[in-house]
Amino acid sequence: MRKTGNSKRRQGSLTRESIVDAAIKLLDEVGEGRLTFQVLSKRLSTGPGAIYWHVENKDDLIAAACDTVVAAAMSSSIVGETPQETIKRIALRVFDMIDVHPWVGSVLSRSAGQMPMVRLLEPIGQQVQALGVQQEKLWVTASALISYVFGVAGQNAANARLAKENDLDRTDYLDKVSTAWSQLDPLEYPFSTGVAQQFRIHDDREDFLGGIDLILGGVSQQR
1 MRKTGNSKRR QGSLTRESIV DAAIKLLDEV GEGRLTFQVL SKRLSTGPGA IYWHVENKDD
61 LIAAACDTVV AAAMSSSIVG ETPQETIKRI ALRVFDMIDV HPWVGSVLSR SAGQMPMVRL
121 LEPIGQQVQA LGVQQEKLWV TASALISYVF GVAGQNAANA RLAKENDLDR TDYLDKVSTA
181 WSQLDPLEYP FSTGVAQQFR IHDDREDFLG GIDLILGGVS QQR
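Heads up: the sequence shown at position 138 corresponds to 138 in UniProt numbering, and the numbers run straight through without jumps.
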């Protein structure tokens, strides 16, 4: 099936790289669930059979797309004055990457042990080592950082996509939630009413880095 005359002709005009690049654009536009070889073949002005010359299936394609995005994000060196600063810079790069490519977060969560995840785990792990964390605590420390980074970045990206799909304005949304919280009974909901105004003006990136600081502060105390 893969070696018909038409397939050979189409295969010659395509490369795996061009297919992956087109898939990334589609994933950014429509998300993982709506990406099909039929849609991709129309974008590439070819037939699905030509794509199968270069990728085995949808999982192979999405994994390649994820690895391409991660490799690009981590291609340039990330150096801070201290290991803590370097970890924060790596984390911000991941945060921004998932903000632009929301589908990457869910793909990474399924790719433990594969190259996309290793590309992110290794630089963070090296900085954890540089912090002087004991050998027996290296994995749990790096894992906690990775889980936090992916979790918060993924949720932020999901919120942004939901707001876009529903034409929601972030400021209006924060105002409504803050107002609703401030009107609760402060005796029954002391925390929610107490942080209502903070929620109204909070910055997602600053909150994200604040969480990193809390984790790193705990690491320093253990050391």
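For each residue, glycine too, the CB sits at the ideal point set by N, CA and C. Keep in mind it's a predicted model, so treat the numbers as computed, not measured.
Measure the Cβ-Cβ separation of residue i and residue j and say whether it is below 7 Å.
{"i": "Ala160", "j": "Ser182", "result": "no"}
{"i": "Gly80", "j": "Arg93", "result": "no"}
{"i": "Ile87", "j": "Gln126", "result": "no"}
{"i": "Phe199", "j": "Phe95", "result": "no"}
{"i": "Leu138", "j": "Ile215", "result": "no"}
{"i": "residue 224", "j": "Gly33", "result": "The first residue shown for the chain is 1 and the last is 223, placing residue 224 beyond what the model contains."}
{"i": "Leu184", "j": "Thr171", "result": "no"}
{"i": "Gly105", "j": "Gly154", "result": "yes"}
{"i": "Phe37", "j": "Ile51", "result": "yes"}
Consult DSSP for residue i and reduce its assignment to one of helix, strand or coil.
{"i": "Glu188", "result": "coil"}
{"i": "Gln11", "result": "With a pLDDT of 48 at Gln11, under the threshold of 50, the modelled position of that residue is not reliable, and the figure given next carries that caveat. If DSSP states are grouped into helix, strand and coil, Gln11 belongs with the helices."}
{"i": "Gln183", "result": "coil"}
{"i": "Gln222", "result": "helix"}
{"i": "Asn159", "result": "helix"}
{"i": "Asp99", "result": "helix"}
{"i": "Asp169", "result": "coil"}
{"i": "Ile201", "result": "helix"}
{"i": "Lys3", "result": "At Lys3, the pLDDT of 44 sits below 50, so the modelled position is not reliable; the number obtained from the coordinates is stated separately. Coil at Lys3, not helix or strand."}
{"i": "Glu81", "result": "coil"}
{"i": "Ala112", "result": "coil"}
{"i": "Thr46", "result": "coil"}
{"i": "Leu120", "result": "helix"}
{"i": "Ser143", "result": "helix"}
{"i": "Leu26", "result": "helix"}
{"i": "Tyr148", "result": "helix"}
{"i": "Ser178", "result": "helix"}
{"i": "Gly210", "result": "helix"}
{"i": "Glu17", "result": "helix"}
If you compare alpha carbons, which of the options is closest to residue i?
{"i": "Val69", "options": "Leu187, Val20, Asp203 and Ser178", "result": "Val20"}
{"i": "Gly113", "options": "Asp67, Pro102, Leu131 and Val152", "result": "Asp67"}
{"i": "Ala65", "options": "Gln222, Ser75 and Leu26", "result": "Leu26"}
{"i": "Gly132", "options": "Gln222, Val39, Gln155 and Glu17", "result": "Gln222"}
{"i": "Asp60", "options": "Asp169, Arg16 and Ala163", "result": "Arg16"}
{"i": "Arg110", "options": "Val177, Ser147 and Asp99", "result": "Ser147"}
{"i": "His101", "options": "Tyr189, Ala157, Glu188 and Gly49", "result": "Ala157"}
{"i": "Thr82", "options": "Arg205, Gly31, Ala130 and Arg170", "result": "Ala130"}
{"i": "Ile201", "options": "Leu187, Glu188, Val177 and Pro190", "result": "Val177"}
{"i": "Met115", "options": "Gln134, Ala71 and Ser77", "result": "Ala71"}
{"i": "Leu120", "options": "Gln84, Asp28, Ala142 and Glu56", "result": "Ala142"}
{"i": "Asp99", "options": "Phe191, Glu188 and Glu29", "result": "Glu29"}
Tell me, to the nearest whole angstrom, how far the beta carbon of residue i is from that of residue j; I am working on the premise that it is less than 8 Å.
{"i": "Val149", "j": "Ala73", "result": "With 8 Å as the limit, Val149 and Ala73 do not qualify as a contact, their Cβ atoms being about 12 Å apart."}
{"i": "Leu14", "j": "Leu35", "result": "That pair is no contact at about 17 Å."}
{"i": "Val152", "j": "Gly211", "result": "6 Å"}
{"i": "Leu108", "j": "Met117", "result": "6 Å"}
{"i": "Pro123", "j": "Ile78", "result": "7 Å"}
{"i": "Ala163", "j": "Tyr173", "result": "7 Å"}
If you measure from the CB of residue i, is any heavy atom of the ligand ZN nearer than 6 Å?
{"i": "Arg205", "result": "Of the ligands one can find in the structure shown there are none, so the ligand ZN has no counterpart to examine."}
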